[in-house]
Amino acid sequence: MIILIPSLEPTKALPQLVGALASELPSARVLIVDDGSGPTFAPIFRAAHHAGATVIGYEANRGKGFALRTGLAWIQRNAPGQVVVCADSDGQHR
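So, in structure tokens, the structure goes:
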């Protein structure tokens, strides 16, 4: 299973969410798509990566739909056939 999380300007809770998901679902992979958050948020994405997530993204904000499509395309190329669950970066849908 891959948990796909589109994210724009996340809070510092994002790395904690990744850690919690890793604990609760150890066989799941977490893919975060940075929807153009900018350099101010790079430390949060680095921390999420260190917590176990794969982080991809692009420079300009293009919207949640584009972020989801980007993530799904990445999954199709790198982990075809996996079950995908989409979640918000604030952990609201855990």
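Residues in the sequence shown are numbered from 1 upward in steps of one, following UniProt numbering. Even glycine gets a Cβ: it sits at the ideal position worked out from N, Cα and C. All of these numbers come straight from a predicted model, not from anything done at the bench.
Query raised in the report: How long is the line joining the alpha carbons of Leu31 and Thr11, rounded to whole angstroms?
Result: Between the C-alpha atoms of Leu31 and Thr11 there is a straight-line separation of about 17 Å.
Report task. Output yes if chain D places a C-beta closer than 8 Å to the C-beta of Pro80; else output no. Result -> Any reference to chain D falls outside this structure, which holds one protein chain only.
Query - In chain order, each beta strand (DSSP E) run of at least 3 residues that lies wholly inside the UniProt domain "Glycosyltransferase 2-like" (3 to 93) - result: 29 to 35, 54 to 58, 84 to 86
Query raised in the report: When burial is assigned at 16 or more other CB atoms within 10 Å of the CB, is Leu14 buried or exposed?
Result: Taking a 10 Å sphere around the C-beta of Leu14, we find 16 or more other C-beta atoms and assign the residue as buried.
Query raised in the report: Does the distance from the CB of Asp35 to the CB of Gly57 come in under 8 Å?
Result: Yes, Cβ-Cβ distance for Asp35 and Gly57 is below 8 Å.
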